[in-house]
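Below you can see the structure in the form of structure tokens.
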């Protein structure tokens with residue numbers, strides 16, 4: 182008898198499904214994430230709804246630096262958007278996944294754009310562009326990183342800043358160049374017996390980000406570091 186394989190789903194649809202279930206039932210379930218270079222990771226659904234007091238120091242710092250018109254790229258379930266709107270900030274939440282977009286629309290005073298970043302088009306310029314949770318990863322490949330930076334610069338106001346969190350594994354206490362050498366990582370997500378398609382995520386290191394800033398005549402400075410977690414501020 183032929184074995185029926187599980188239907189593969191987009192990764193974010195599984196995560197947003199888990200978060201939606203938690204919102205509706207308060208029942209905590211785990212989301213598992215596998216990748217080809219590092220160990221398996223598990224996250225609770227509530228992690229994606231974490232409140233300000235549950236955020237790590239670098240996320241709190243990033244949010245404290247936000248001002249003016251803010252673009253939250255890959256806003257997910259809205260943890261950062263929710264805090265910023267509660268402080269009366271003007272936030273546009275950009276999110277591709279339908280499930281996450283529906284969750285974001287529950288946030289009071291939210292402006293939600295359901296669109297892929299690379300297809301997003303607007304005449305608006307932003308004083309703050311927020312890219313937390315390794316947000317540059319949506320470039321997916323080193324070849325697309327310059328395209329992403331070109332787009333980011335086009336969205337940034339002259340007096341604006343891009344606040345970006347990156348993971349540079351050469352600063353990790355457990356750094357092993359033989360197992361963490363490729364910035365392009367293949368991921369897969371599972372939740373309650375369902376599995377996602379494999380997808381690429383990019384982990385640009387500090388050298389790669391610095392090179393893009395130099396190419397575009399952008400300034401950048403390191404404003405926080407804890408081991409491999411780095412928070413950068415990029416400006417014109």
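In our numbering, the protein residues as written are 182 to 417. For each residue, glycine too, the CB sits at the ideal point set by N, CA and C.
Inset, instruction - Report, in whole angstroms, the separation of the C-beta atoms of residue 217 and residue 366, which I expect to be a contact under 8 Å. - result: 6 Å
Legend entry - Closest Cα partner of residue 347 within the set 278, 315, 194 and 322: 315
Legend entry - Same chain, Cβ closer than 7 Å to residue 409, neighbours up to 5 away in sequence not counted: 348, 349, 350, 352 and 353
Inset, instruction - List in chain order: all unbroken beta strand (DSSP E) runs of 3+ residues lying wholly within the segment 193-263. - result: 211-216, 222-225 and 250-254
Inset, instruction - If I'm right that residue 309 touches residue 344 with Cβ under 8 Å, what's the distance once you round it to whole angstroms? - result: 7 Å
Legend entry - Residues near residue 226 in its chain [Cβ-Cβ closer than 6 Å; skip 5 each side]: 199, 200, 203 and 210
Inset, instruction - Enumerate in chain order the residues of its own chain whose CB-to-CB distance from residue 212 is below 6 Å, with the five nearest sequence positions on each side excluded. - result: 196, 199, 224 and 372
Legend entry - Beta-carbon proximity list for residue 396, same chain, < 8 Å, skipping 5 on both sides: 327 and 330
Inset, instruction - State the DSSP-derived secondary structure class of residue 277, mapped to helix, strand or coil. - result: coil
Inset, instruction - Pick helix, strand or coil for residue 355, following the three-state DSSP scheme. - result: coil
Inset, instruction - Please work out which residues of its chain come closer than 8 Å, Cβ to Cβ, to residue 187, disregarding the five sequence neighbours upstream and downstream, and give them in chain order. - result: At residue 187 the pLDDT is 46, less than 50, meaning the model places this residue with poor confidence; the figure from the coordinates comes in the next sentence. Correct list, in chain order: 374, 375 and 376.
Inset, instruction - Identify whether residue 292 lies in helix, strand or coil by the three-state DSSP scheme. - result: strand
Legend entry - Where residue 232 falls, given that 16 or more other Cβ within 10 Å makes a residue buried: exposed
Legend entry - Bridge partners - residue 339, DSSP secondary structure assignment: For residue 339, which the question treats as bridged, DSSP gives no partner whatsoever.
Legend entry - Opposing strand residues paired with residue 346 [DSSP bridges]: 412
Legend entry - Rounded distance between the beta-carbons of residue 305 and residue 260, thought under 8 Å: The pair is not a contact, with the Cβ atoms about 23 Å apart (cut-off 8 Å).
Legend entry - Cα-Cα separation, residue 301 to residue 295: 9 Å
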